[in-house]
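Engineer: Protein chains in written order, with this note's numbering: chain A, 385 to 597; chain B, 385 to 597.
Take a look at this one; I'll ask things after.
There are 2 protein chains.
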Amino acid sequence: MTWQMLMEMTVKGFLAELASKSPAPGGGSVSALAGSLAAALVAMVARLTGTEGDNEGMRGIQGQAGDLMEKLNRHVDEDTAAFSLVMQAYRLPKQTEAEKEQRAAAIQEALKGAANHPLMVAEECLQVLVLCMEVVAIGNPNALSDAGVASLMAYSGITGAMFNVAINLEGIKDPVFAQQAKAERDRIMSEASHLYAGIQTLVQKKLIYMVEW
Amino acid sequence: MTWQMLMEMTVKGFLAELASKSPAPGGGSVSALAGSLAAALVAMVARLTGTEGDNEGMRGIQGQAGDLMEKLNRHVDEDTAAFSLVMQAYRLPKQTEAEKEQRAAAIQEALKGAANHPLMVAEECLQVLVLCMEVVAIGNPNALSDAGVASLMAYSGITGAMFNVAINLEGIKDPVFAQQAKAERDRIMSEASHLYAGIQTLVQKKLIYMVEW
Numbered sequence: 385m386t387w388q389m390l391m392e393m394t395v396k397g398f399l400a401e402l403a404s405k406s407p408a409p410g411g412g413s414v415s416a417l418a419g420s421l422a423a424a425l426v427a428m429v430a431r432l433t434g435t436e437g438d439n440e441g442m443r444g445i446q447g448q449a450g451d452l453m454e455k456l457n458r459h460v461d462e463d464t465a466a467f468s469l470v471m472q473a474y475r476l477p478k479q480t481e482a483e484k485e486q487r488a489a490a491i492q493e494a495l496k497g498a499a500n501h502p503l504m505v506a507e508e509c510l511q512v513l514v515l516c517m518e519v520v521a522i523g524n525p526n527a528l529s530d531a532g533v534a535s536l537m538a539y540s541g542i543t544g545a546m547f548n549v550a551i552n553l554e555g556i557k558d559p560v561f562a563q564q565a566k567a568e569r570d571r572i573m574s575e576a577s578h579l580y581a582g583i584q585t586l587v588q589k590k591l592i593y594m595v596e597w
Numbered sequence: 385m386t387w388q389m390l391m392e393m394t395v396k397g398f399l400a401e402l403a404s405k406s407p408a409p410g411g412g413s414v415s416a417l418a419g420s421l422a423a424a425l426v427a428m429v430a431r432l433t434g435t436e437g438d439n440e441g442m443r444g445i446q447g448q449a450g451d452l453m454e455k456l457n458r459h460v461d462e463d464t465a466a467f468s469l470v471m472q473a474y475r476l477p478k479q480t481e482a483e484k485e486q487r488a489a490a491i492q493e494a495l496k497g498a499a500n501h502p503l504m505v506a507e508e509c510l511q512v513l514v515l516c517m518e519v520v521a522i523g524n525p526n527a528l529s530d531a532g533v534a535s536l537m538a539y540s541g542i543t544g545a546m547f548n549v550a551i552n553l554e555g556i557k558d559p560v561f562a563q564q565a566k567a568e569r570d571r572i573m574s575e576a577s578h579l580y581a582g583i584q585t586l587v588q589k590k591l592i593y594m595v596e597w
């Protein structure tokens, strides 16, 4: 039962576990964590921008960012759990024909879970990226670099999740599932790339204005 | 004394602290953490590629990644400490002329520290990115997505650190310092952009080959 274990480790301990020879946790959990870090930074910038009565928008962003952070926090552990199911399925016995069939089915089922999971992470990171645009555009200018870093983390979370979708799809034999996953990937990446480019342009413009950098 | 405090928090606690109204920790510490996560993933991929006698290269990468992870771990806390010194300097008394002068000098000194610090983080993340290219190119293919995620994190660490250099330079009045910081930024960003583009092309090519994605 890995549930919540990673999130309860110290940051230092998590990094040591990540660096260890065990393939889990790996890039999937790090992608979810990148999204969590982005959501946390968005929430901070929204708070620093003021959430009093005159600033309903920022209060809304703070709440949404907090919710997305909670969801992504859970995914840090769930991604590792989904990957562990794949490894378990590969370890099932394969002596008899019946065992071989059961094992193959279990592997397919586990791989689908491991491919679906990062698609959810990517979708949530995309929602964080939407909030990043708002805090970059109208957030406290003193926290512009924080909003900018949030956008880098959210976009890395999306791209990283897609690497994990791809590598899990490698073993999936169901063409309908693969097609649907690909369509979902294309939709998310298309939205994310547009948004990310817009955010980076705006951050650069604002930084140049501030520091003639 | 914030030294080592952030790294000793639980991952969950770190995120909650990040999301809080306090401006520190912020994007600077997250950029260093992104570099640490990248270094940890590189170390894992090197370990999964095998570090027996026949694979001296991977053993070297594992060692270098471990060292860079340690350095970047320290920067997670040090960046927040550098930022706190800036805030402390702004809070110095400014009643008399002497106090005003002392305060202005302390602010300049603290801002230089806060601008120099992310330049070190960016340089270390660049060294991690160099290792990412190696593990993407010749690492265990089953861990390709992990190596890919490492490259996203390392590059985000570099870019994020540069946002922090820029925002701290805003208040720095020493043109020589600003010029040197800008030259250092340009050198690191130029190397990083080339390397990053090469890595992404290679990851995409390998993923397409693996999954016809």
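Heads up, the beta-carbon is just placed ideally off N, CA and C, and yes, glycines get one too.
Quick one: list the residues of chain B neighbouring A:K405, beta-carbon separation under 8 Å, in chain order.
Structural biologist: In chain order: M428, R431 and L432.
Engineer: Tell me B:T464's beta-bridge partners as DSSP assigns them.
Structural biologist: The partner list for B:T464 (beta bridge, DSSP) is empty, contrary to what the question assumes.
Engineer: Taking B:R475 as part of the alpha helix (DSSP H), name the residues at either end of that continuous run.
Structural biologist: It is not in any alpha helix (DSSP H) - B:R475 carries neither H nor E in the DSSP assignment.
Engineer: Given this structure, state the Cα-to-Cα distance separating B:P477 from B:Q486, to the nearest angstrom.
Structural biologist: Taking the straight line from one Cα to the other gives about 9 Å.
Engineer: Using a Cβ-Cβ cut-off of 8 Å, state whether A:W387 counts as contacting chain B.
Structural biologist: Low confidence applies here, because A:W387 scores a pLDDT of 44, under 50, leaving its location unreliable; read the following figure in that light. Taking Cβ atoms only, chain B never reaches closer than 8 Å to A:W387, which makes this a no.
Engineer: Alpha carbons only, please: which of B:G582, B:D463, B:M428 and B:P409 is nearest the one belonging to B:Y539?
Structural biologist: Measuring from the Cα of B:Y539, the nearest candidate turns out to be B:G582.
Engineer: With the cut-off set at 8 Å, would you say A:L399 and A:M537 are in Cβ contact?
Structural biologist: No; because the gap between Cβ atoms is not below 8 Å, this pair is not in contact.
Engineer: Could you tell me whether the segment 407–419 of chain B touches the segment 457–475 of chain B, using the rule of 3 or more Cβ pairs below 8 Å?
Structural biologist: Judged by Cβ distances under 8 Å, the segment 407–419 of chain B makes contact with the segment 457–475 of chain B, as three or more pairs qualify.
Engineer: So, does the CB of B:A550 fall closer than 8 Å to a CB anywhere in chain C?
Structural biologist: The structure shown contains no chain C; its protein chains are A and B.
Engineer: Is the segment 547–558 of chain B close to the segment 518–531 of chain A, with three or more CB pairs under 8 Å?
Structural biologist: The segment 547–558 of chain B, when compared against the segment 518–531 of chain A, does touch it at the 8 Å Cβ threshold.
Engineer: Taking the DSSP output, what are the residues bridged to B:T394?
Structural biologist: In the DSSP output, where bridge partners are listed per residue, B:T394 has A:T394.
Engineer: Is it the case that the Cβ atoms of A:V426 and A:L510 are separated by a distance below 8 Å?
Structural biologist: Their beta carbons are not under 8 Å apart, which means A:V426 does not touch A:L510 by this criterion.
Engineer: Does A:N500 have its Cβ less than 8 Å from a Cβ in chain B?
Structural biologist: Closer than 8 Å: no.
Engineer: How many whole angstroms separate the CB atoms of A:V470 and A:A416, which I take to be in contact at a CB cut-off of 8 Å?
Structural biologist: With a Cβ gap of about 17 Å, A:V470 and A:A416 do not count as contacting.
Engineer: Please name the residue in B:A506, B:D558, B:L553 and B:G397 whose C-alpha comes closest to that of B:L456.
Structural biologist: Minimum Cα distance to B:L456 is reached at B:A506.
Engineer: Give the DSSP-derived three-state secondary structure of A:E554 in the structure shown.
Structural biologist: Here A:E554 sits in coil by DSSP.
Engineer: For the segment 467–527 of chain A, which segments carrying the beta strand (DSSP E) assignment without a break, of at least 3 residues, lie completely within its bounds, in sequence order?
Structural biologist: Complete beta strand (DSSP E) runs here, min 3: none at all.
Engineer: Does the CB of A:E392 have a neighbour CB from chain B at under 8 Å?
Structural biologist: Yes, contact with chain B.
Engineer: Between B:G497 and chain A, is the shortest Cβ-Cβ distance under 8 Å, so that the two count as touching?
Structural biologist: No, its Cβ sits nowhere closer than 8 Å to a Cβ of chain A.
Engineer: By the criterion of Cβ-Cβ separation under 9 Å, what are the contact partners of A:A416 in chain B?
Structural biologist: Ordered by position in chain B, no residue passes the 9 Å Cβ test against A:A416, which lies about 11 Å from the chain.
Engineer: Does A:V587 get closer than 8 Å to chain B when you measure Cβ to Cβ?
Structural biologist: Output row for A:V587: interface = yes.
Engineer: Run the CB neighbour count on A:W387, radius 10 Å, all protein chains shown included, and call it buried at 16 or more, exposed below.
Structural biologist: Residue placement at A:W387 is flagged as unreliable, the pLDDT there being 44, under the threshold of 50; a coordinate-derived value is accordingly withheld.
Engineer: Could you pull out every residue in the same chain whose Cβ sits closer than 7 Å to the Cβ of A:R431, ignoring the five residues on either side in sequence?
Structural biologist: Excluding residues within five positions, the ones whose Cβ falls inside 7 Å are Q446.
Engineer: Identify the contact partners of A:L425 in chain B, using a Cβ-Cβ distance below 9 Å as the criterion.
Structural biologist: Those within 9 Å of A:L425 in chain B are L402, A403, G410, G411 and V414.
Engineer: Quick one, which residues of the segment 433–465 of chain A are near chain B if we go by CB-CB under 8 Å, in chain order?
Structural biologist: The residues in question are A449, G450, M453, N457 and V460.
Engineer: Which residue from B:S535, B:I542, B:Q584 and B:D558 puts its Cα closest to that of B:E508?
Structural biologist: Cα-wise, what sits closest to B:E508 is B:I542.
Engineer: Along chain B, in chain order, which residues have C-beta atoms closer than 9 Å to that of A:P510?
Structural biologist: Correcting the residue type first, residue 510 of chain A is Leu in the shown sequence and not Pro. By Cβ distance, chain B contributes nothing, its closest Cβ being about 15 Å from A:L510, past 9 Å.
Engineer: Is there a Cβ from chain B that is less than 8 Å from the Cβ of A:G523?
Structural biologist: So, not an interface residue.
Engineer: Is the CB of A:S574 under 8 Å away from at least one CB in chain B?
Structural biologist: By this cut-off, A:S574 is not an interface position.
Engineer: Looking at the structure shown, is B:K405 part of a helix, part of a strand, or coil, going by DSSP?
Structural biologist: In this structure, B:K405 counts as coil in the three-state DSSP scheme.
Engineer: Note down, in chain order, each residue of its chain lying with its Cβ closer than 6 Å to the Cβ of A:G523, except the 5 sequence neighbours on either side.
Structural biologist: The answer, listed in chain order, is V429, T433 and A531.
Engineer: Quick one: give me the first and last residue of the alpha helix (DSSP H) that A:E412 is part of.
Structural biologist: Going by the sequence as given, residue 412 of chain A is Gly instead of Glu. Start and end: G411 to T433.
Engineer: Below 9 Å on C-beta distance, what does B:L515 contact in chain A?
Structural biologist: The contacting residues do not exist; B:L515 stays about 12 Å from chain A at best.
Engineer: In chain B, which residues lie with their C-beta within 8 Å of the C-beta of A:F398?
Structural biologist: Those are V395, listed as they occur along chain B.
Engineer: State buried or exposed for A:Q472, treating a residue as buried only when at least 16 other CB atoms are found within 10 Å of its CB.
Structural biologist: Exposed, because fewer than 16 other Cβ atoms sit within 10 Å of the Cβ of A:Q472.
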